[in-house]
Amino acid sequence: MPERYPKARTATLRIEELGDELLVYDLVRHRAHCLNAAAATVFRLADGRTSPARMAAELAARHGLPEDEEVVEIAVDELRRLALLEPAGSEIALAPSRRSMLRHLGAIAAALPAIASITVPTPAAAQSAGSGGGAGGTGSTGSTGSTGSTGSTGSTGATGSTGATGPTGPTGSTGSTGATGSTGATGPTGPTGSAGATGS
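Here it is, written out as structure tokens:
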């Protein structure tokens, strides 16, 4: 049986051209893949009849990459991992070697075949919140954490300035009269005056 080269899937894929790149949506696995220019070239050339050597020549001509089948191996390995190729069957085996390529390609490593993928929610998952796409129920509130230990007492602040003098209070009531003192001793009798003259 003749050898069969890598062949891209065509069924259950939706493919959109983005300049030199490709956006491939897998309708079965609900995953979207963005193939950079080099990976897109390999995907387009993977028809089951084009050899890795021919693909390498196309990559060199279109993207300035080394005409090296290891570059093709990187793309084919990634495409196969993401189920974007037909099952291998009797297809020739291509061993992944991206790490070794990165070591000796240096500055042009950014141009190597690369694929970015994301999982896209199915319509059923997107509407699982109920008809009309309403918001889901609010989750329960988590338990409150334990209170932390009390911190040490801070240093005493500086003494504040003296406040203003308050108003004078009301005059107090008059006190009671003191007791009457004792009578003093009687003084001596004064001298008797002289008798007046007798009238005529």
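Number 302 marks the last residue of the sequence shown (my numbering); no jumps.
All residues carry an ideal CB built from backbone N, CA and C; glycine is no exception.
Just so it is clear, the structure is predicted and the values come from calculations on it, not from any experiment.
Query - Residues near Ala140 by beta carbon distance below 7 Å, same chain, minus five either side - result: If you number the sequence shown from 1, residue 140 lands on position 38. Once the five neighbours on either side are set aside, the close Cβ partners of Ala140 are Leu161, His165, Leu167, Ala177, Ala213, Leu214, Pro215.
Query raised in the report: Taking only runs of the alpha helix (DSSP H) that begin and end inside the region 117 to 177, which ones reach a length of at least 4 residues, in chain order?
Result: Complete alpha helix (DSSP H) runs here, min 4: 139 to 147, 154 to 165.
Query raised in the report: In the DSSP assignment, what are the bridge partners of Thr221?
Result: On the sequence shown, residue 221 is found 119 positions in, with the first residue counted as 1. Paired residues: Arg133.
Query raised in the report: With C-beta atoms as the reference, is Arg116 less than 8 Å away from Tyr127?
Result: What you label residue 116 is simply residue 14 of the sequence shown in a count that begins at 1. What you label residue 127 is simply residue 25 of the sequence shown in a count that begins at 1. Yes. Within cutoff.
Requested in this report: Quick one: residues in its chain with C-beta nearer than 7 Å to the C-beta of Arg182, no 5 flanking neighbours on either side, listed in chain order?
Outcome: Taking the sequence shown and counting its residues from 1, one reaches residue 182 at position 80. Excluding residues within five positions, none has a Cβ falling inside 7 Å.
Query - Residue burial classification, Val130 (beta-carbon count within 10 angstroms, cutoff 16) - result: For the purposes of this step, residue 130 is taken as the residue at position 28 of the sequence shown. With fewer than 16 Cβ atoms within 10 Å of its Cβ, Val130 is classed as exposed.
Query - Top-ranked residue by Cα proximity to Leu120, from Thr143, Ala281, Glu180, Leu187 - result: For this step, residue 120 is matched to residue 18 along the sequence shown. The shortest Cα separation from Leu120 among Thr143, Ala281, Glu180, Leu187 belongs to Thr143.
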